[in-house]
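Numbering (full-length UniProt numbering), first residue to last: 1 to 126.
Note that CB positions come from ideal geometry on N, CA and C, so glycine has one too.
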């Protein structure tokens, strides 16, 4: 049985948020997609960026404002956001009391799940 426990999780500071990379899971599975859990501090925003991959955010906790290219929209727990390739995007935690947590899942048509180094080079996620 393989379990990644939150109590043992390692979060790195990337894109102005705390990021816990989940997949690919070295030594366990190398899927044709990648994922991470991101935590954005109170009144903070992720670094605006873009990349070749398609991406989906699932808001797990909190609420904020997402900007994709020139569009802005309020998001909250349970919302699912699709990010097209090469779209500039950032998400801002507008809460005064709690962090914003979301799951990111990213992929492209060329990801085959067998080369984690290729995934690392191609990704540029929040």
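Residue i Cβ short of 6 Å to the ligand COA heavy atom set
{"i": "residue 96", "result": "By its list of ligands, the structure shown contains no ligand whatsoever, and the ligand COA lies outside what it can speak to."}
Under 7 Å between C-beta atoms of residue i and residue j
{"i": "residue 91", "j": "residue 64", "result": "yes"}
{"i": "residue 103", "j": "residue 60", "result": "yes"}
{"i": "residue 29", "j": "residue 100", "result": "no"}
Simplified DSSP assignment, three categories, for residue i
{"i": "residue 3", "result": "coil"}
{"i": "residue 8", "result": "helix"}
{"i": "residue 53", "result": "coil"}
{"i": "residue 109", "result": "coil"}
{"i": "residue 121", "result": "Legend: pLDDT at residue 121 = 49, less than 50; position of this residue unreliable, no value from coordinates given."}
For residue i, the nearest candidate out of the options (CA to CA)
{"i": "residue 94", "options": "105, 84, 67", "result": "67"}
{"i": "residue 17", "options": "25, 33, 38", "result": "38"}
{"i": "residue 46", "options": "2, 1, 15, 4", "result": "15"}
{"i": "residue 105", "options": "88, 33, 48", "result": "33"}
Boundaries of the beta strand (DSSP E) in which residue i is found, first to last residue
{"i": "residue 88", "result": "Counting along the chain, residue 88 falls outside any beta strand (DSSP E), and DSSP gives it neither H nor E."}
{"i": "residue 34", "result": "34-40"}
{"i": "residue 67", "result": "63-68"}
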